[in-house]
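Visitor: Structure provided below as structure tokens; questions to follow.
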Ligand code: UD1
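Residue numbers (this note's numbering): 79 to 495.
Structure, rendered in structure tokens:
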């Protein structure tokens, strides 16, 4: 199995190009199922999760052509409405084919994603939304089975803010008959990007990026073209790496307006941050970060997908930071690994108290989920000696060429095995 080896102690310097967002491209690939013609998607990151989604789409019968960071999906040949367990179990986001299949083909059978390392993650809100739009939904033998002759526009009030449920119901509503209003919708930039892509295909959507999204259903969507928004989590991860190592790094092709909460915390940590168009420059030379307190919450508050990285920062910062995880029940699995590197962290339920230490020391550690793996690499970048990170397949799910990008900034990092 492949591992990543990091030798700590080098301040990062230089420019890093940010890729398209994993969490935007996955729903957008699924949205292509709604069209009557080919959909061209640009700025697609090369990620394991993208390959898994393409496997699901090709299993359904879609034609797929890939050329560098461009992917063309031709949904006209789709002949199946079944997303099998073997694929869905490896990636929860495959549940996002539910809405498009149901809206376009009147039926969908999607395996229940099941639990995952960071919590139980139910899909009740996805199901509730489809039912509100008039679908018959049953959960049988581990499958969500949904059917409807034609979905009908409706008011859907989500019980809690869910990114995936908002996306799934939005994709279903665009082909429903009449008007739908999604209340308590998630406001993440990836939802806005999905809505932009749907609009490029002829959908009529207003209010994406606010808690109320209004959709006027249309009879058909045509093919279209869309470029995926920059990955705010990848951007944040590189900026934290720069801050922790006392570096000076510019993230290019980024979307600073999607990163307010993260940039704010980096400034609190003592970083100088300059924004110029799609470039974000962070300067932390000759300084040790100060600890920051973090509470994760739906956008525009601080993203749960940056929690582990900021915990790594607090591990070596001056002072103590309190980290509160409110989105996922089991998202502190990186703590035990960070302890192996010499961190001082105490966890009580959803809260962790991190006391900064002067030095971490390199050790073998194990990645447990996607963002946890990133936090271990960050810790490795500042730890004395060598840190070897095992189970890095988690990392390849969501970061494009992370070791090449970090090497480009001067880090001593390599993949082995
Ligand atoms: C998406 C992101 C993930 C991010 C998360 C929260 C993608 C592909 N993944 O995941 O990286 O960490 O948003 O920002 O975009 N919930 C329910 N019932 C539901 C749906 C969700 O109870 O039907 C709960 C979940 O268990 C969790 C919370 O809602 O506690 C938020 O989950 P959700 O926003 O749906 O996350 P995902 O869309 O799965």
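Note that CB positions come from ideal geometry on N, CA and C, so glycine has one too.
Just so you know, these numbers come straight off a predicted model, no measurement behind them.
Nearest to residue 174 by alpha carbon, out of 108, 299, 294, 320?
Guide: It is 108.
Visitor: Does DSSP classify residue 205 as helix, strand or coil?
Guide: helix
Visitor: Have a look at residue 401 and residue 375 and give me their C-alpha separation to the nearest angstrom.
Guide: The straight-line gap separating the alpha-carbon atoms of residue 401 and residue 375 is approximately 12 Å.
Visitor: Is residue 249 near residue 112, with beta carbons less than 8 Å apart?
Guide: yes
Visitor: Suppose contacts are defined by Cβ-Cβ distances below 8 Å. Is residue 435 in contact with residue 422 by that definition?
Guide: yes
Visitor: Note down the Cα distance separating residue 204 from residue 224, rounded to an integer number of angstroms.
Guide: 11 Å
Visitor: Measuring CA to CA, which of 467, 455, 217 is closest to residue 495?
Guide: Cα-wise, what sits closest to residue 495 is 467.
Visitor: Based on DSSP bridge pairs, tell me the residues matched to residue 396.
Guide: 368
Visitor: Residue 221 bridges to which residues according to DSSP?
Guide: 189, 218
Visitor: Return yes when at least one heavy atom of the ligand UD1 lies under 7 Å from the C-beta of residue 344, else no.
Guide: no
Visitor: Return yes when at least one heavy atom of the ligand UD1 lies under 7 Å from the C-beta of residue 384, else no.
Guide: no
Visitor: Is the beta carbon of residue 204 within less than 7 Å of some heavy atom of the ligand UD1?
Guide: yes
Visitor: Helix, strand or coil, according to DSSP, for residue 319 in the structure here?
Guide: In the three-state reduction of the DSSP assignment, residue 319 falls in the helix class.
Visitor: Rounding to the nearest angstrom, what Cα-Cα distance links residue 347 and residue 147 in this structure?
Guide: 35 Å
Visitor: Check whether the stretch 302-312 touches the stretch 438-446, taking contact to mean three or more Cβ pairs, one atom from each stretch, closer than 8 Å.
Guide: no
Visitor: Whole angstroms are fine: how far does the CA of residue 262 sit from the CA of residue 239?
Guide: 6 Å
Visitor: For residue 141, report the span of its beta strand (DSSP E) as first-last.
Guide: 141-145
Visitor: Which parts of the stretch 221-305 are runs of the beta strand (DSSP E), unbroken and 3 residues or longer, counting only runs that do not cross its ends?
Guide: 221-225, 233-235, 257-261, 282-284, 290-294, 302-305
Visitor: With a Cβ-Cβ cutoff of 8 Å, do residue 211 and residue 258 count as a contact?
Guide: In contact: residue 211 and residue 258 (Cβ atoms closer than 8 Å).
Visitor: How about residue 368 and residue 396: do their beta carbons lie closer than 8 Å?
Guide: yes
Visitor: Quick check on residue 362: buried or exposed, where buried means 16 or more other Cβ atoms within 10 Å of its Cβ?
Guide: buried
Visitor: Which residues does DSSP pair with residue 494 in a beta bridge?
Guide: DSSP lists 81 as partners of residue 494.
Visitor: What residues in its chain sit with their C-beta under 7 Å from that of residue 337, if we drop five residues either side in the sequence?
Guide: 310, 313, 314
Visitor: Could you tell me which of 98, 124, 398, 94 sits nearest to residue 487, measuring between CA atoms?
Guide: The option with the nearest alpha carbon to residue 487 is 94.
Visitor: Take the Cβ of residue 345 as the centre, count every other Cβ of all protein chains shown within 10 Å, and call the residue buried at 16 or more, exposed below.
Guide: By the neighbour-count definition (other C-beta atoms within 10 Å, threshold 16), residue 345 is an exposed residue.
Visitor: Excluding five sequence neighbours on each side, which residues of the same chain lie with their C-beta closer than 6 Å to the C-beta of residue 150?
Guide: Here the set comprises 116, 118, 143.
Visitor: Taking the CB atoms as reference points, tell me whether residue 253 and residue 272 lie closer together than 8 Å.
Guide: no
Visitor: What is the rounded straight-line gap between the Cα of residue 289 and the Cα of residue 236?
Guide: 10 Å
Visitor: For the alpha helix (DSSP H) that contains residue 156, what are its first and last residues?
Guide: Residue 156 -> no alpha helix (DSSP H), and no H or E assigned at all.
Visitor: So, are the CB atoms of residue 140 and residue 123 less than 8 Å apart?
Guide: no
Visitor: Beta-carbon separation of residue 88 and residue 458 under 8 Å?
Guide: no
Visitor: Can you give me the Cβ contacts of residue 474 inside the same chain, cut-off strictly under 6 Å, excluding the 5 residues immediately before and after it?
Guide: Contacts found: 126.
Visitor: Reducing DSSP to helix, strand and coil, say where residue 469 ends up.
Guide: coil
Visitor: Run the proximity test for residue 170: is its beta-carbon closer than 7 Å to any non-hydrogen atom belonging to the ligand UD1?
Guide: yes
Visitor: In the DSSP assignment, what residue or residues form a beta bridge with residue 359?
Guide: 328, 352
Visitor: Taking just the CA atoms, how far does residue 291 sit from residue 193?
Guide: At residue 193, the pLDDT of 49 sits below 50, so the modelled position is not reliable and the matter cannot be decided from this model.
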